[in-house]
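Colleague: Got a structure for you, written out below as structure tokens; questions coming shortly.
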Amino acid sequence: MAFPKRRNYQEQERQKLVIVGSKNPVKVKSTEQAFQSLFDDYFLVEGLNVDSNVKDQPHGEVETYTGAYNRASEAKKAFPEADFWVGIEGGVDEVGEQMVAFAWMVVLDATGRIGKAKTATFFLPEVLSNLIREGVELGEADDRVFQRTNSKQGNGAVGILTNGAVNRLEYYQQALILALIPFAQKSFY
4 MAFPKRRNYQ
14 EQERQKLVIV
24 GSKNPVKVKS
34 TEQAFQSLFD
44 DYFLVEGLNV
54 DSNVKDQPHG
64 EVETYTGAYN
74 RASEAKKAFP
84 EADFWVGIEG
94 GVDEVGEQMV
104 AFAWMVVLDA
114 TGRIGKAKTA
124 TFFLPEVLSN
134 LIREGVELGE
144 ADDRVFQRTN
154 SKQGNGAVGI
164 LTNGAVNRLE
174 YYQQALILAL
184 IPFAQKSFY
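Quick note: the sequence shown, position 132, residue 135 per the working numbering, numbers continuous.
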């Protein structure tokens, strides 16, 4: 049986700082778990409220990606001494007469390297889609329809609609790990 390599005190690198462009606890925790699952380094992950510079409920791939990129970029401007900056933005899009939900992840580092990935998409029930089309943000629509409070800082629509089988934290974490590929495989990116 092989044992994991232990690091000596002298081998330990300094703790790396990751700033998430949101204080949403799900976004911060999923970022922390993604970094810890992919790298051996020590990470301190902190959330910072920054503006996405897009609508509160982004529509379409471009606006949602732009929101995620802006969050990472604004976090970098606000806290330039960090090692990584992460933007996560949830969005919706029309597919025919139905609406889907998803999120984009963007990770920046000090060298100019960028990682990006998108979660899986899922179709929303018409009752949620109609509220969103009326200008209500998905999290607020979830709260109204499912009689919840602040569901966007919890398991969100994906957790509610799957009865918890898809945990929002893990849903984001998987896409964040994919966004970290350019940092894990630097020789290819």
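Yeah, the Cβ is synthetic: ideal placement off N, Cα and C, and Gly gets one too.
If you count every other CB in all the chains shown that lies within 10 Å of the CB of Tyr175, and 16 or more means buried, which is it?
Modeller: Its Cβ being crowded by 16 or more others within 10 Å, Tyr175 is buried.
Colleague: Do Gly94 and Thr67 count as a contact pair if the criterion is CB distance below 8 Å?
Modeller: Taking 8 Å as the Cβ cut-off, Thr67 and Gly94 qualify as a contacting pair.
Colleague: So, for Ile135: in the same chain, excluding its five sequence neighbours on each side, which residues have a beta-carbon less than 8 Å away from its beta-carbon?
Modeller: If we look at Ile135 and ignore the five residues flanking it on each side, its Cβ neighbours are Gln60, Val95, Met102, Leu127, Leu141 and Ala144.
Colleague: Can you list, in chain order, the residues of its chain with a C-beta nearer than 6 Å to that of Asn27? Leave out the 5 residues immediately preceding and following it.
Modeller: Closer than 6 Å at the Cβ level, and outside the excluded window around Asn27, lie Gln156.
Colleague: Return helix, strand or coil for Asn112, following the three-state DSSP convention.
Modeller: Looking at the sequence provided, one finds Asp at residue 112 rather than Asn. Asp112: strand per DSSP, three-state reduction.
Colleague: Once you ignore the five residues that flank Val23 on each side, which residues in its own chain have a CB closer than 6 Å to its CB?
Modeller: Excluding residues within five positions, the ones whose Cβ falls inside 6 Å are Lys30, Val31, Thr34, Gly50 and Val89.
Colleague: If you drop the 5 nearest sequence neighbours on each side, which residues of the same chain put their C-beta closer than 8 Å to that of Gln188?
Modeller: If we look at Gln188 and ignore the five residues flanking it on each side, it has no Cβ neighbours.
Colleague: I need the boundaries of the beta strand (DSSP E) containing Asp96, first residue and last residue.
Modeller: Note, Asp96: beta strand (DSSP E), Phe87 to Val98.
Colleague: Which whole-angstrom value is the C-beta distance of Ala81 and Met108, which I expect to be below 8 Å?
Modeller: So it is not a contact: roughly 19 Å between Cβ atoms.
Colleague: Is Asn133 close to chain D, meaning its C-beta is less than 8 Å from at least one C-beta of that chain?
Modeller: Included in the structure is just one protein chain, with no chain D present.
Colleague: Measuring CA to CA, which of Leu111, Asn166, Arg74 and Leu183 is closest to Phe38?
Modeller: When only C-alpha atoms are compared, the closest one is Leu183.
Colleague: Using a Cβ-Cβ cutoff of less than 6 Å, which residues in the same chain neighbour Tyr45 once the five nearest sequence positions on both sides are dropped?
Modeller: Excluding sequence neighbours, Tyr45 sits near Gln18.
Colleague: For the candidate residues Ala123, Tyr192 and Arg74, whose alpha-carbon lies nearest to that of Val161?
Modeller: Minimum Cα distance to Val161 is reached at Ala123.
Colleague: Under the three-state reduction of DSSP, which class applies to Glu137: helix, strand or coil?
Modeller: It is coil, neither helix nor strand.
Colleague: Pick helix, strand or coil for Leu127, following the three-state DSSP scheme.
Modeller: Looking at Leu127 - three-state DSSP - the assignment turns out to be coil, as it is neither helix nor strand.
Colleague: Measure the Cβ-Cβ separation of Val148 and Leu131 and say whether it is below 8 Å.
Modeller: Yes. Within cutoff.
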